[in-house]
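Colleague: This is the structure I have questions about; it appears just below.
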Amino acid sequence: MKNRSKDEPEEDDMDGPAPHVVAMIDQNLKLVYSDLVREELPDRFKDLLAVLKAQDADKGASS
């Protein structure tokens with residue numbers, strides 16, 4: 001039998017965080033990512049997407 005200190009959780013207690021903690025994490029992640037989704041794409045990224053679309057169009061036309 002393994003000796004545990006009183007500060008170590010029992011194996012049964014290691015199933016994950018409490019439901020209210022999970023709900024809090026979920027809520028905070030949604031707040032962070034909802035703001036991120038609303039941000040506009042940087043111009044450099046838009047330019048790169050335009051170049052890639054043009055390359056795809058050229059490949060499709062030459063097939």
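Position 45 of the sequence shown, counted from 1, bears residue number 45 in the working numbering, the numbering being contiguous throughout. By construction, the Cβ of each residue, glycine as well, lies at the ideal position given by its N, Cα and C atoms.
Where do the ends of the alpha helix (DSSP H) carrying alanine 50 lie?
Modeller: The residue you call residue 50 lines up with position 50 of the sequence shown. First-last of the alpha helix (DSSP H) with alanine 50: 43-62.
Colleague: With 16 other CB atoms within 10 Å as the buried threshold, where does methionine 1 fall?
Modeller: Residue mapping note: residue 1 aligns to position 1 of the sequence shown, counting from 1. Since pLDDT at methionine 1 reaches only 49, below the 50 mark, its modelled position is unreliable, and no value is offered.
Colleague: Which stretch, first to last residue, makes up the alpha helix (DSSP H) that contains alanine 18?
Modeller: Locating residue 18 in the sequence shown gives position 18, where the first residue counts as 1. Run containing alanine 18: none; DSSP gives neither H nor E here.
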